[in-house]
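Chemist: Just passing along the structure, written as structure tokens.
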Amino acid sequence: MESVFPRAGLKSFVALSVSDKSNQLMELFNIVFGIRLFNKEVGKGGVSIDNVPQNLLRDCASLTAKLEEETRAAMTQITSTTDAACFVAQKLSEGDEETMNQRLGRVKMELIHRHQYYHFLSSLLDEINATVANAEEMHERYSKQMKDLTTLVGGRSSVPKDQVYPKFDILAATWMRLDALWQTVKAFERIFKCLQSYKEPFESIFAGNDIDADAVMGASETSLLPEAGEEAADENTSAMIVQIKEGEEVPVPALHGFCPVSLVEQRGLLRRGQTDKGMVLNEQSLYACVDDNAQRLLVRNPTKYTAGVLSVVKDLPQLVHLLRLDANFPSLSVQRALANEPVKTYSHRPKMVDADSQTPTHFVEKNIDYSYDWNEWNLRRRALQLADLRNKATVSTQSNQSHFRRDVDTQHYSPRQQATQTMKESSTNVPKNERTLVGGRGNPENRVKVVNMQLEL
């Protein structure tokens, strides 16, 4: 510490401002901490410092493996639950309404929950993957900086401060960034544990004897949609099927990739669309459908299904964020949804208008003096009143003679100014002499001469 900040520099340090003191102390801390990190690397100290770079990579790898395993398990549950939902819907369409109607609503809720759980896991996995990439880059940078310091210092007992101190400062800053990433990974671990507590909020439909898992396997491959017959199509439709060429990047479909036809026809049944069979383009939005029949239904009447999706979501508010329809439900909140309040929807975005207001560049202030009087006689009368007040005296006692006695005063007006006017007015004018130069313009042969003039006014 004394080698970095000797006592002789304490006097100049005290004279600095607060911000300069803070900056210098932070730089001093980084240099000292960088020295401790280097001593830990060479085995000469720094025992109490955690090995943050190694711990960060270890925790990142462990959390990534757990998340990937949990994501795969969640996808497996989604597949089996989708099969169960399609199986129950198929039995319901065949006429077995006594027991299957209640089970269908239950399995729909379970399927929505499975998709929500998988969506949160995927988002968390994307965040941790970005953090892992950043951690690997920072770890490589830290290792390079430590290697450069080891090469510079080596076994020498003294090194020029202007060369080694900046490297210690940079090394400490890199370590702190690694430590911040480590704290972020720990926060991700806590989020993952909290998320796992919502994995099984209710008993699964496969837990009892309601549905046999083997019996429903592959039921999602069966189409539950009505055949696209010869019913009248929407006259104003501009929807079309767009094929994705091999090698092209698949665009992100609307509704988070879920089939709108299945959502409307089965009233909330979530089924992933197949992008390899093409997508339906309608009003600058791409929709993925479960099969060719669903594509034909959507192309023939896109307005029915786009409006039907909003109607379904109004009954199931938990689908708003999952289908990414937040722009259509700006007033939705979790508290209102839990309180079963009606959900307001906008079929289209609210109309926007341009509005403006104009203000003057310089505001005119109204400085009105209500006591102002232009009349000279009123001003004179007011002046006499104020002058008379100066001669007033307040008496603290009263007598029988002064009780109820009226204060009598007189007012004196100065005489007006007098003047006389005659019927004749006369005056005299003195001739005015002027001297000017002539011949300066015109014929160049003319000579300039002085002319004297006498003007009688």
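Mind the numbering: the sequence shown is residues 1291 to 1747 in the working numbering, read in order.
C-beta atoms are modelled at their ideal positions from N, C-alpha and C, and glycine is treated no differently.
Computed from a predicted model, the values in this text were never measured in an experiment.
1. Under the rule that 16 or more other beta-carbon atoms within 10 Å means buried, what is residue 1637, buried or exposed?
2. Check the C-beta distance from residue 1425 over to residue 1471 and give it rounded, since I have them as a contact under 8 Å.
3. Quick check: the Cα distance between residue 1683 and residue 1661, rounded to an integer number of angstroms?
4. In terms of residue numbering, what span does the alpha helix (DSSP H) encompassing residue 1552 cover?
5. Residue 1617 and residue 1577: beta carbons closer than 8 Å?
6. Assuming residue 1585 contacts residue 1531 (C-beta within less than 8 Å), just tell me the rounded distance between them.
7. Under 8 Å between the Cβ atoms of residue 1404 and residue 1371?
8. Along the beta strand (DSSP E) that carries residue 1724, what are the first and last residues, could you check?
9. Can you tell me the Cα-Cα spacing of residue 1361 and residue 1401, whole angstroms?
10. Can you name, in chain order, every residue of its own chain whose Cβ lies under 6 Å from the Cβ of residue 1742, other than the five neighbours on each side?
11. Pick helix, strand or coil for residue 1689, following the three-state DSSP scheme.
12. Spatial neighbours of residue 1325 within its chain, please: CB distance less than 7 Å, with the 5 preceding and 5 following residues excluded, ordered by chain position.
13. Looking at the structure shown, is residue 1731 part of a helix, part of a strand, or coil, going by DSSP?
14. Taking the alpha-carbon of residue 1588 as reference, which of 1563, 1738, 1320 has the nearest alpha-carbon?
15. According to the Cβ coordinates, are residue 1551 and residue 1595 closer than 8 Å?
16. Nearest to residue 1469 by alpha carbon, out of 1708, 1707, 1428?
17. Are the beta-carbon atoms belonging to residue 1408 and residue 1365 less than 8 Å from one another?
18. Which value, in whole angstroms, describes the spacing of the CA atoms of residue 1452 and residue 1327?
19. When DSSP labels each residue in this structure, what does residue 1680 get in the three-state scheme?
20. What residue range is occupied by the uninterrupted beta strand (DSSP E) comprising residue 1583?
Modeler: Reading it off the structure:
1. At residue 1637, the pLDDT of 49 sits below 50, so the modelled position is not reliable; the number obtained from the coordinates is stated separately. Its Cβ having fewer than 16 others within 10 Å, residue 1637 is exposed.
2. 5 Å
3. 27 Å
4. 1550 to 1555
5. no
6. 6 Å
7. yes
8. 1722 to 1728
9. 15 Å
10. 1725
11. coil
12. 1458
13. coil
14. 1563
15. yes
16. 1428
17. yes
18. 19 Å
19. coil
20. Here residue 1583 belongs to no beta strand (DSSP E); instead the alpha helix (DSSP H) covers 1582 to 1590.
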